[in-house]
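To start, the structure itself, in structure tokens.
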Amino acid sequence: MSETNAFGPVPPVPPPPGLPAPPAAMPEPGFRVDVGNNQNSKIIVAAGSVTMNNKPQLPVADIPQAELDVVELAWVDLSARDEKVRTADEALERLAGEGPRLAVVAGPVGYGKRTAGIKALSSISRREQDLRGKPLTLQEIRPDWERPGSPDISVLPDEPGRGYLLDVAAEIAAWTNAGNVAEQLLSYAEKLLYVGSYLVVIADDHGWPDDSGTMARAVVRATKRPSAHRVAKAHLETVYRKPGRVRWLSNVPGSTEQIGLAAHLLNDSSRPADGVRLAAVLAEADETTEGLRTALGTFQQWHNDVQRVFKDTNEDPEDRALLVSTLFLDRKDALTIQSGARTLLNEPQNTDVRAILTGPDLTTRLQKMGAQVTGRTVTLAHRPGYARAVLLHLWQQRADIHPPLLKWLDTVTAPKGLAADRLREIGDLLVELAIAENDIRVIAQIHAWIDNGDNSTEHRNLIARVLTIAAESDTLGAAVRSLLLDSAQESSPAVATVVALVCQGEFAEHYPRQSLVRLRHILDRAVMDEAVLAAQDALRDIAAREDQLPRVWSTVIKWATEKKHLAGHRAFLSLLDPGVDPYVLQVMLAAAQQDPDVKDALVEGWNVALADSRVDAECRALLVAWARAREAEQVPEETVTDILNDVVVQHLYSTPISALIFGEPGVANDAAVIELRKDLRLPPQLAAALPDEPSPARS
Numbered sequence: 015m016s017e018t019n020a021f022g023p024v025p026p027v028p029p030p031p032g033l034p035a036p037p038a039a040m041p042e043p044g045f046r047v048d049v050g051n052n053q054n055s056k057i058i059v060a061a062g063s064v065t066m067n068n069k070p071q072l073p074v075a076d077i078p079q080a081e082l083d084v085v086e087l088a089w090v091d092l093s094a095r096d097e098k099v100r101t102a103d104e105a106l107e108r109l110a111g112e113g114p115r116l117a118v119v120a121g122p123v124g125y126g127k128r129t130a131g132i133k134a135l136s137s138i139s140r141r142e143q144d145l146r147g148k149p150l151t152l153q154e155i156r157p158d159w160e161r162p163g164s165p166d167i168s169v170l171p172d173e174p175g176r177g178y179l180l181d182v183a184a185e186i187a188a189w190t191n192a193g194n195v196a197e198q199l200l201s202y203a204e205k206l207l208y209v210g211s212y213l214v215v216i217a218d219d220h221g222w223p224d225d226s227g228t229m230a231r232a233v234v235r236a237t238k239r240p241s242a243h244r245v246a247k248a249h250l251e252t253v254y255r256k257p258g259r260v261r262w263l264s265n266v267p268g269s270t271e272q273i274g275l276a277a278h279l280l281n282d283s284s285r286p287a288d289g290v291r292l293a294a295v296l297a298e299a300d301e302t303t304e305g306l307r308t309a310l311g312t313f314q315q316w317h318n319d320v321q322r323v324f325k326d327t328n329e330d331p332e333d334r335a336l337l338v339s340t341l342f343l344d345r346k347d348a349l350t351i352q353s354g355a356r357t358l359l360n361e362p363q364n365t366d367v368r369a370i371l372t373g374p375d376l377t378t379r380l381q382k383m384g385a386q387v388t389g390r391t392v393t394l395a396h397r398p399g400y401a402r403a404v405l406l407h408l409w410q411q412r413a414d415i416h417p418p419l420l421k422w423l424d425t426v427t428a429p430k431g432l433a434a435d436r437l438r439e440i441g442d443l444l445v446e447l448a449i450a451e452n453d454i455r456v457i458a459q460i461h462a463w464i465d466n467g468d469n470s471t472e473h474r475n476l477i478a479r480v481l482t483i484a485a486e487s488d489t490l491g492a493a494v495r496s497l498l499l500d501s502a503q504e505s506s507p508a509v510a511t512v513v514a515l516v517c518q519g520e521f522a523e524h525y526p527r528q529s530l531v532r533l534r535h536i537l538d539r540a541v542m543d544e545a546v547l548a549a550q551d552a553l554r555d556i557a558a559r560e561d562q563l564p565r566v567w568s569t570v571i572k573w574a575t576e577k578k579h580l581a582g583h584r585a586f587l588s589l590l591d592p593g594v595d596p597y598v599l600q601v602m603l604a605a606a607q608q609d610p611d612v613k614d615a616l617v618e619g620w621n622v623a624l625a626d627s628r629v630d631a632e633c634r635a636l637l638v639a640w641a642r643a644r645e646a647e648q649v650p651e652e653t654v655t656d657i658l659n660d661v662v663v664q665h666l667y668s669t670p671i672s673a674l675i676f677g678e679p680g681v682a683n684d685a686a687v688i689e690l691r692k693d694l695r696l697p698p699q700l701a702a703a704l705p706d707e708p709s710p711a712r713s
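Just so we're aligned, residue 15 is where the sequence shown starts under this note's numbering, counting upward by one.
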């Protein structure tokens with residue numbers, strides 16, 4: 015790259031004369047120029063680099079301080095058999111060696127690979143500080159590939175002084191040519207040597223090809239795992255600062271002091287993550303017998319309690335239906351719970367008095383199932399994780415219940431159903447189930463609720479939230495992201511709108527490139543419907559986020575000028591609409607003042623949009639919006655006029671341009687349009703033919 019300031023943030027500078035600052039909520043659209051002498055020049059603006067020739071890099075996020083604290087304060091490198099676990103040490107050796115700045119930590123799930131990778135990066139960072147006086151900035155790369163099956167290594171970041179973590183364990187098995195990708199990663203890691211950066215890749219047990227010497231030398235095999243018992247103790251002592259509770263993990267039996275009451279929960283085959291989770295549960299527990307019992311049940315996911323309940327109700331489908339109803343209708347009154355259970359069993363209300371008066375009371379039956387009944391309200395909230403445990407048991411042990419259970423959920427979550435107001439809680443519970451079971455059918459059921467007749471904004475936002483959580487999960491994420499891609503191309507406006515909402519939320523922070531791909535499909539819809547409007551909102555939202563405008567711009571201008579998609583024209587016109595928010599237009603015009611490539615791209619974007627009659631109305635509206643922004647001095651007058659002069663010459667007879675120049679029957683032009691019309695550079699014969707309109711004096 016030719017830009018001399020490519021490695022680091024560029025501070026904002028005041029906007030040029032005549033370009034006012036945007037609203038206080040937005041960063042200033044000031045710009046700074048850093049142009050080299052070759053064709054790959056960049057214009058650096060406050061929002062980032064508006065790049066005409068380079069691909070935007072993958073997004074990165076700082077590795078959370080909490081994880082860095084763990085590897086410094088609570089590091090465990092001994093196994094349950096007191097063997098040295100050298101995964102992190104070997105990764106450090108790979109990074110510090112003479113070869114590529116790369117360590118690939120490979121192995122099965124549950125061996126602490128991510129933590130070992132972070133430990134290696136933290137250690138190499140300390141070495142850098144000792145040698146050069148400055149530690150590394152440790153960051154995680156989001157694998158936001160446009161085509162997840164064929165990762166484009168050229169978009170990996172290459173900033174100096176970085177320690178990068180790239181976790182591809184969940185996706186590497188689906189790479190169509192893992193050998194080629196691995197070779198590119200090695201080449202990329204060799205280049206990191208020259209900028210003083212490092213890369214740790216987290217892989218699964220078999221995905222990384224190690225049939226060549228160079229590839230094999232980069233690999234670290236996780237064959238032993240840290241003792242979960244030691245991990246739990248270390249976290250209680252140093253992370254949660256509750257060393258007194260370590261007694262619960264002691265191997266010395268006892269009762270009066272609660273010694274060792276939690277020790278049996280971890281064994282030699284427990285994962286380090288189990289130790290982390292147990293420490294978190296014990297740190298939050300009340301130091302009472304009941305508090306500790308609840309904590310232990312929560313950690314065990316109430317396994318024993320669930321087994322007992324299902325054993326005791328072997329011949330009582332009615333009671334089991336009550337329990338299932340309580341899972342999803344939690345905090346409803348007892349009669350509503352009972353009604354839900356009858357609906358699940360597809361049985362009418364009992365009218366036989368003898369049967370009604372036989373057996374235990376409803377409250378007693380609910381309490382036997384583990385529920386708490388206060389007044390008429392029924393809940394399982396007093397047992398954290400109990401509802402999830404029951405649902406998992408039901409899903410695993412009673413596979414035939416899957417279709418009728420999901421059909422029942424359709425009924426109770428309908429707009430007038432018993433659980434219409436509990437879609438958020440039910441969605442969360444089902445996402446936990448789907449992730450735990452790696453079962454896309456559950457997510458497909460939630461997806462089906464989009465078109466269940468409830469078109470409220472709240473309903474759609476709730477489903478978008480659930481899909482976002484699922485799309486970012488480690489186990490199920492790839493399948494859900496694929497579902498979102500398919501959904502973006504569905505004919506249903508409601509479904510496409512929900513996908514746009516997903517792409518406007520947190521998903522866009524972690525997967526901006528994949529968000530843009532899904533938005534393109536929605537923007538390509540034949541009719542300008544609610545889904546297209548939602549996609550335009552999402553696109554503007556992403557562009558306004560810190561450091562995202564360069565990515566959005568380079569993508570949109572390619573859609574518009576190279577592919578000539580309808581989506582590209584809509585996206586171009588929407589982004590540059592100052593009537594919605596002048597920020598993007600201000601930044602782009604500031605860049606155009608400094609770089610002719612940016613100006614040419616703006617002109618070309620206008621040209622291809624004006625050539626597509628499907629966006630005539632949007633073109634007309636944007637021309638008027640530019641005229642008004644120009645009059646209001648929100649944008650540089652001369653730059654706007656120059657760009658439109660270049661456009662007008664090529665599109666004199668297109669409907670939007672002729673409407674701008676000559677007006678339209680029955681349409682009264684305001685002062686802003688009239689002033690712009692006067693300033694445009696027109697052929698003499700056309701200028702003479704313009705109507706002689708008086709224009710109000712500018713204030």
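Glycine is no exception: its CB is placed at the ideal position from the N, C-alpha and C atoms.
As the structure is a computational prediction, the values presented were derived from the model and not from experiment.
Here's the rule: buried if 16 or more other CB atoms are within 10 angstroms of the residue's CB, otherwise exposed. What is residue i?
{"i": "Arg255", "result": "exposed"}
{"i": "Pro374", "result": "exposed"}
{"i": "Gln607", "result": "buried"}
{"i": "Ala38", "result": "Because the pLDDT of Ala38 is 35, which lies under 50, any placement of that residue in the model is unreliable, and the number read from its coordinates should be weighed accordingly. Under this definition Ala38 is an exposed residue."}
{"i": "Lys421", "result": "exposed"}
{"i": "Ala540", "result": "exposed"}
{"i": "Glu446", "result": "buried"}
{"i": "Pro362", "result": "exposed"}
{"i": "Val209", "result": "exposed"}
{"i": "Asn54", "result": "At Asn54, the pLDDT of 29 sits below 50, so the modelled position is not reliable; the number obtained from the coordinates is stated separately. Answer is exposed; the Cβ neighbour count stays below 16."}
{"i": "Ser241", "result": "buried"}
{"i": "Asp181", "result": "buried"}
{"i": "Phe45", "result": "Low confidence applies to Phe45: its pLDDT is 33, below 50, so where it sits in the model is not reliable, and the reading given next is rough at best. Burial call: buried."}
{"i": "Gly714", "result": "Because the chain here runs from 15 to 713, residue 714 falls outside it and cannot be looked at."}
{"i": "Asn452", "result": "exposed"}
{"i": "Asp468", "result": "buried"}
{"i": "Pro507", "result": "buried"}
{"i": "Pro610", "result": "exposed"}
{"i": "Leu145", "result": "exposed"}
Kindly identify the DSSP beta-bridge partner or partners of residue i.
{"i": "Gly177", "result": "Leu152 and Tyr212"}
{"i": "Ala117", "result": "Val214"}
{"i": "Thr511", "result": "Paired residue(s): none; Thr511 is not in a bridge."}
{"i": "Thr393", "result": "Gln386"}
{"i": "Asp76", "result": "Gln153"}
{"i": "Val233", "result": "Val118"}
{"i": "Leu1", "result": "This structure leaves residue 1 out entirely; the chain is present only between 15 and 713."}
{"i": "Asp347", "result": "Thr391"}
If contacts are defined as beta-carbon pairs under 8 Å, then residue i and residue j qualify, I think. What distance do you get, rounded to the angstrom?
{"i": "Val612", "j": "Ala623", "result": "Contact flag wrong, Cβ pair sits at about 17 Å."}
{"i": "Ala585", "j": "Val598", "result": "Contact doesn't hold; Cβ gap of about 11 Å is too wide."}
{"i": "Ala183", "j": "Ile216", "result": "5 Å"}
{"i": "Ile477", "j": "Val426", "result": "Not quite, the Cβ-Cβ distance comes to about 16 Å (not below 8 Å), so this is no contact."}
{"i": "Thr575", "j": "Glu632", "result": "That belief does not hold up - the Cβ atoms of Thr575 and Glu632 are roughly 17 Å apart, past 8 Å."}
{"i": "Trp573", "j": "Arg628", "result": "That pair is no contact at about 14 Å."}
{"i": "Ile186", "j": "Gly221", "result": "3 Å"}
{"i": "Ile457", "j": "Ala450", "result": "Rounded, the Cβ-Cβ distance is 13 Å, inconsistent with contact."}
Inter-stretch contact (C-beta, 8 Å, three-pair minimum) for the region 243-254 and the region 81-101: yes
Could you tell me whether the region 125-133 touches the region 70-88, where touching means 3 or more Cβ pairs closer than 8 Å? yes
Any 3 or more C-beta pairs closer than 8 Å across the region 166-173 and the region 140-148: no
Please give the ranges of any alpha helix (DSSP H) in the region 616-678, keeping only runs that are unbroken, at least 4 residues long and fully inside the region. 630-645, 651-664 and 669-676
Given 8 Å, three or more beta-carbon pairs between the region 550-560 and the region 521-538: yes
Quick one: complete alpha helix (DSSP H) runs, 4+ long, within the region 508-552? 520-524 and 526-537
Is the region 104-121 touching the region 270-290, taking contact as three or more C-beta pairs under 8 Å? no
For the region 224-240 against the region 104-111, are there 3 or more C-beta pairs whose distance is under 8 Å? yes
Below 8 Å, can you find three or more Cβ-Cβ pairs linking the region 398-417 to the region 310-327? yes
At least three beta-carbon pairs within less than 8 Å, the region 483-502 to the region 198-206: no
Within the region 437-480, ranges of the beta strand (DSSP E) (whole runs, at least 3 residues): none
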